[in-house]
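Residue numbers (the numbering used here): 123 to 245.
Every residue gets a Cβ at the ideal spot worked out from N, C-alpha and C, and that includes glycine.
Notes follow once the structure below has been shown.
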Ligand SMILES: *[C@@H]1O[C@H](CO)[C@@H](O)[C@H](O)[C@H]1NC(C)=O
Ligand SMILES: *[C@@H]1O[C@H](CO)[C@@H](O)[C@H](O)[C@H]1NC(C)=O
Ligand SMILES: *[C@@H]1O[C@H](CO)[C@@H](O)[C@H](O)[C@H]1NC(C)=O
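Shown next as structure tokens:
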């Protein structure tokens, strides 16, 4: 009877996976933009603050909710995303705010991969 209970266990595990996969997936940040943004901020020696990039997802927390970034000048670097692409499954980074943009000297070439960026803001 050992193999029989093994099959039951398999079926149970499988149906659990389906049940988890069914609900609306949280939208994910465009992977090209993830690489670009992590590279850019890494080169500038900047890290995301705890208010966003929650568990490694760049477009999360304040970055993807309705918070107007003008009301959170304390968060820097900061991004805003629009997550309604591909039926609300894909987020694109639309705004990037960084401090000390003046010390950068040169705009990183990775910036060209943030193709949805409409706003680059240095303080
Ligand atoms: C976002 O989080 C991931 C995982 O913790 C990390 O590897 C990455 O460097 C973070 N990005 C930024 C910009 O801080
Ligand atoms: C978009 O998502 C909704 C809700 O998950 C779904 O009912 C609909 O079929 C999807 N539309 C497309 C074009 O994928
Ligand atoms: C832009 O993204 C493409 C595809 O992911 C990658 O091959 C390329 O190296 C990126 N360019 C820069 C400047 O990071």
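| Item | Value |
| --- | --- |
| Considering only heavy atoms of ligand 3, list every residue whose Cβ is less than 7 angstroms from one of them, following chain order. | 154, 157, 158, 161, 231, 232, 234, 235 |
| At 3 residues or longer, and completely inside the stretch 189 to 222: list those beta strand (DSSP E) runs for me, N to C. | 200 to 206, 212 to 220 |
| Got a sec: does ligand 1 put a non-hydrogen atom nearer than 6 angstroms to the Cβ of residue 163? | yes |
| Would you say residue 169 touches ligand 1, meaning its beta carbon is less than 6 angstroms from a heavy atom? | yes |
| What are the boundary residues of the beta strand (DSSP E) that residue 239 is part of? | No beta strand (DSSP E) contains residue 239, which DSSP labels as neither H nor E. |
| Please tell me whether, using a cut-off of 6 angstroms, the distance from the CB of residue 178 to the nearest non-hydrogen atom of ligand 1 is below it. | yes |
| Just how far apart, CA to CA, sit residue 158 and residue 179? | 14 angstroms |
| Terminal residues of the continuous alpha helix (DSSP H) containing residue 163? | 153 to 165 |
| Cβ-heavy atom distance between residue 210 and ligand 1 below 6 angstroms? | no |
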